[in-house]
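Novice: Per UniProt numbering, the very first residue in the sequence shown carries number 1; after that it's consecutive.
Note that beta-carbon positions come from the ideal geometry of N, C-alpha and C, so glycine has one too.
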Amino acid sequence: VRRPSQQPKKGPICHFKFTPSLHGSRGACERCWYWASQDEKDRFLKEGHHLRIMKVRGGCCRQCTIFPRKQDENPVRLCRRCFHDTHKEEPPLDEWDRHKPSPRANTMQAK
């Protein structure tokens with residue numbers, strides 16, 4: 001039985017890396033903006049910042065399968081936390097790599 005955190009993700013998977021300087025200027029993270037309340041959005045627009053809405057330059061490329069963009073649209077703007085919450089970090093190892101002993105284990109056994 002798998003725990004909910006161990007369930008495989010359903011839906012699109014993106015293996016592109018986080019690009020910290022994707023955009024020329026800082027702006028609100030799109031996912032932080034989506035989850036913010038209207039009061040938090042109003043305070044962000046009034047004051048230029050809010051604790052729950054990150055101002056970032058980074059994100060994922062235009063070919064991202066999780067946040068698809070048209071050719072004339074800007075790539076998705078995401079903070080690191082939102083990027084790693086929505087993107088898969090590494091493709092899973094195949095069965096052979098999981099059971100292969102590490103090179104360090106061989107040197108330790110020889111001593």
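Please look up how many angstroms separate the CB atoms of residue 29 and residue 77, rounded, as I've assumed it's under 8 Å.
Specialist: The sequence position of residue 29 within the sequence shown is 29, counting from 1. The sequence position of residue 77 within the sequence shown is 77, counting from 1. Indeed, because the Cβ distance is near 6 Å, the residues count as touching under 8 Å.
Novice: With DSSP as the reference, label residue 65 as helix, strand or coil.
Specialist: Here residue 65 corresponds to residue number 65 of the sequence shown, with the count starting at 1. Coil.
Novice: Can you list, in chain order, the residues of its chain whose CB lies under 6 Å from that of residue 50, leaving out five sequence neighbours each side?
Specialist: Your numbering for residue 50 matches position 50 in the sequence shown. Excluding sequence neighbours, residue 50 sits near 40, 43, 44.
Novice: Would you decide whether residue 84 is buried or exposed? Buried here means 16 or more other CB atoms lie within 10 Å of its CB.
Specialist: Counting from one through the sequence shown, the residue named residue 84 turns up at place 84. Classification for residue 84: exposed.
Novice: Pull the bridge partners of residue 55 from the DSSP assignment, please.
Specialist: In the sequence shown, residue 55 corresponds to position 55, counting from 1. Looking at the DSSP assignment, residue 55 forms a beta bridge with 28.
Novice: Restricting to Cα atoms, I'd like to know which of 88, 79, 87 is closest to residue 26.
Specialist: Here the question's residue 26 lines up with position 26 in the sequence shown. Ranking the options by Cα distance to residue 26, first place goes to 79.
Novice: Apart from the five residues on each side of it in sequence, which residues of its chain come closer than 6 Å, Cβ to Cβ, to residue 57?
Specialist: As a working mapping, residue 57 is identified with position 57 in the sequence shown. Once the five neighbours on either side are set aside, the close Cβ partners of residue 57 are 21, 23, 26.
Novice: Determine the burial state of residue 59: buried for a count of at least 16 other Cβ atoms within 10 Å of its Cβ, exposed for fewer.
Specialist: Numbered from its first residue, the sequence shown carries residue 59 at position 59. Flag for residue 59 reads buried.
Novice: For residue 35, which option in 72, 48, 52 has the closest C-alpha, if you only look at C-alpha atoms?
Specialist: Here residue 35 refers to the residue found at position 35 when the sequence shown is read from its first residue. With distances taken between Cα atoms, residue 35 lies closest to 52.
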